[in-house]
Amino acid sequence: MENLKMHSLDGVQRNIELIGKLFPNAITEVKRNGKVEHAIDFDVLRQELSDSIVEGREERYQFTWPDKKKAMLAANAPITATLRPVVADSVGKDGTPGGFDSENLYIEGDNLEVLKLLQETYLGKVKMIYIDPPYNTGNDFVYEDDFAQSVADYMAGSGQYDEEGNRLVTNTESNGRFHTDWLNMIYPRLKIAKDLLSEDGVIFISLDDGEIDNLKKISDEVFGNQNYVGTVIWERAFAPKNDAKYFSASHDFVLVYAKSIADFEIGKLPRTQEANARYKNPDNDPRGPWAADNMTVKTYSAAYDYPITTPNGTVVNPTNGRCWFTSKERMQKLIEDGRVYFGADGGNTPRLKRYLADVQQGMTPTTIWKCDDVGHNQEGRQELKKLFDDKGYFDGPKPQRLMHRILKVANLLDDSIVLDFFSGSASTAHAVMQLNAEDGGHRKFIMVQLPEKTDKKSEAYKAGYKNICEIGKERIRRAGRKIKEDAGLTAPADLDIGFRCLRLDESNMKPVYYTPDEVGQQDLFSLVDNVKEDRTPEDLLFQVMLDLGVLLSSSIEVKEIAGKKVFNVADGFLLACFDHDVTEETVKAIAQMKPYYAVFRDSSMVNDSVATNFEQIFETYSPDTVRKVL
């Protein structure tokens, strides 16, 4: 038993624990008085709280690489970008082209920038993240960010040259740089992704052998190794490749981390006929089929080491070094209740009956997923080809059975948000819609994909798909139609098979909005309006929603009030009008609707009188409304 502490709370350790929850990578270990204790790595903490590179040379147990601090900085650095709606590419809930009422999102743009934009609005709101990032083949990445290195830069920065420029190692290959590029790409994205997860949320990351060891170390740092759930081995190939030099690789990994292991409950898989077949009823037990289980344990206790007399008089004892799993008294009660089986002749070693009726209605997932159960790469490719009239426009799409298994293990709620920021062919979106069609759920997806250009020689390019996003969006359109068609009359009436398309772009605001000190007096008359000329009211609305933390899937109703266009977002939570020459009538009507937020342009009032009365109108009709201007 533990001794009483007999002292007040250790404030230092408490603070270390709190900092560790926010910045697990800032926790290190030190040895004090012969004991290993947690401590703060102040260099790392300073970097997390700094907008410039922090130098530090203290030796510690850590996983590092060239430009890691720069990658950390990239995760924390603010941006002034925005997301602009692309209505023409969007699909309504019911599948109507150009509809904009779907609660699903498809976002085109660099995922690091997009994640930053989503960070405030979706902080702690995403139940599950699945990503299939580019595997490291040693080639350059599309996601180069701002710190890609040449071979020479890498070797110099990693200490492979001395001060006089002499090479310190004989290996001149650039493998280290390739690892560095990949790590610098994935690190800031995972850091932001963690913030988006709900407390009971979970992330699944697909990867091959190339970076699995590095990814595990990074994930331990970002999510905390205490939140490691497990590593799944997925059999992605069913046939060996005889031209392989050494081994024919037939598996990939799926690395799984919880946001908080204490809050995450893994989803159970449906029981199989094979699993149920192990339960039989040879003694016609009225409680139904059962399976026999061992009643001894390795952890020895003399109190649990006693003889048992079987029904036919044979005396049995636990095997050497083991004991029974329970006390003599409880064992007798189990025997009297008929929950112990002694064999057909009543003289065998006792076995505990585990009843099928008592088994939870589901099976704990294992870490090996066979292709017979969850599909393989070829299956994923064939599924995509069927949607695209037998054309293979994308390499390596994940099979739907695999994605379905992941969604089940994630233990999603009816209205959970699922995020995939390496969306590719949009297999995740397909799986979410399919699951909703099966059980009537209202789960929402957010797909993020860089509009990476397709090869001009590829079938996809020749068919008109100039970038990956075009393939992904079309896959969702076609999959949605097929899911609804296959479900027929059984399809939920409110099944959402659409998406709102948004595109990453520069801010809607002119530079003066962010750096007014750089504007001279001679420029003031040309900058009466802070908004760029080519931006629409819809563009402004979505930037406002991002700034105010309003879900981008919220309902949007357009009204006309006194001749002005007014956006009603989330049933009156936000009312916005970006028209010019707004009259007192419009302001009064908006105030009377008592929104939580009311947003206007800075110079939108028709005259000075309306501008002067603006605050008084709201104080009269809706004093609690938060008023904002662009």
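Heads up: the sequence shown runs through residues -14 to 615, numbered per our numbering. Built from N, CA and C at the ideal position, the CB exists for glycine as well.
| query | Just curious, the alpha helix (DSSP H) that H415 is in, first and last residue? | reply | S412 to D424
| field | Counterpart residues of C454 in DSSP-defined beta bridges | value | Answer is none; C454 lacks a bridge partner.
| request: With a 10 Å radius around its C-beta and 16 neighbouring C-beta atoms as the bar for buried, classify I38 as buried or exposed. | output: exposed
| query | Which residues does DSSP pair with G215 in a beta bridge? | reply | V241
| field | C-beta contact flag for E250 and D322 at 9 Å | value | no
| query | In its own chain, which residues sit with a C-beta less than 6 Å from the C-beta of Q577, not counting the 5 before and 5 after it? | reply | Y606
| task | Can you tell me the Cβ-Cβ gap for M494 and G465, rounded? I've got them flagged as a contact below 8 Å. | result | Actually they do not touch by this definition, with Cβ atoms about 35 Å apart.
| Which of helix, strand or coil does DSSP assign to K550? | strand
| task | Ignore the nearest five residues each way along the sequence and tell me which others in Q601's own chain have a CB closer than 7 Å to its CB. | result | none
| query | With DSSP run on the structure shown, which of helix, strand or coil describes G483? | reply | coil
| If C486 and K458 are in contact, beta carbons under 8 Å, what's the gap, nearest whole angstrom? | 7 Å
| field | Pair within 9 Å by beta-carbon distance, T413 and Y115 | value | yes
| request: Tell me whether the beta-carbon of K244 lies closer than 9 Å to the beta-carbon of L182. | output: yes
| field | H427 beta carbon less than 9 Å from that of D481 | value | yes
| field | Assigned secondary structure, S204 (DSSP; H/G/I helix, E/B strand, else coil) | value | helix
| task | Kindly list the residues whose CB is nearer than 7 Å to the CB of D74, restricted to its own chain and excluding five residues on each side of it in sequence; keep chain order. | result | K458 and C486
| request: My understanding is that M590 touches A596, with C-beta atoms under 8 Å, so please give their C-beta distance in whole angstroms. | output: 4 Å
| query | Which partner residues does R69 have in the DSSP bridge list? | reply | R488
| Length of the line joining the Cα atoms of R256 and V614 | 57 Å
| query | Considering only the beta carbon of each residue, do Q528 and T49 sit closer than 9 Å? | reply | no
| message | Rounded to the nearest angstrom, what separates Q(-2) and G5 at their Cα positions? | response | 10 Å
| task | Hey, could you find the ends of the alpha helix (DSSP H) A277 is sitting in? | result | Element bounds for A277: not the alpha helix (DSSP H) but the beta strand (DSSP E), W275 to D278.
| So, is T157 buried or exposed, given that buried needs 16 or more other C-beta atoms within 10 angstroms? | Low local confidence applies: a pLDDT of 38 at T157 is under 50, so the model's placement there is unreliable, with the coordinate-based value given in what follows. By the 10 Å Cβ count, T157 comes out exposed.
| message | My output table needs one value for A617: the three-state DSSP class, helix, strand or coil. | response | Outside the displayed range of the chain (-14 to 615) lies residue 617, so it cannot be described from this structure.
| field | Which listed residue (D194, W219, E196 and V187) has its alpha carbon closest to that of G209 | value | V187
| query | What is the DSSP secondary structure of Y139, counted as helix, strand or coil? | reply | Note on Y139: pLDDT 41, under 50, position unreliable in the model; the coordinate value appears next. Helix at Y139.
| request: Tell me whether E542 sits in a helix, a strand or coil according to DSSP, three-state version. | output: strand
| said: For a test of your reading of the model: does the CB of D564 fall under 8 Å from any non-hydrogen atom of the ligand PLP? Yes or no. | reply: Although the ligand PLP was asked about, the structure shown includes no ligands whatsoever.
| Reduced DSSP category for S191 - H, G, I as helix; E, B as strand; rest coil | strand
| Which ranges would you report for the alpha helix (DSSP H) in the stretch 273 to 354 if only whole runs of at least 4 residues count? | 313 to 321
| Span separating the alpha-carbon of H389 from that of G365 | 12 Å
| Going straight from the alpha carbon of N396 to that of G252, what length do you get? | 4 Å
| message | As a quick exercise: from Y213, A222 and G557, pick the residue whose alpha carbon is nearest that of G381. | response | A222
| query | For G215, which option in I203, G473, E196 and F238 has the closest C-alpha, if you only look at C-alpha atoms? | reply | F238
| said: Comparing C-alpha positions only, which one of G298, R460, S235 and N305 sits nearest to Y378? | reply: R460
| F163 and N199 closer than 9 Å at C-beta | no
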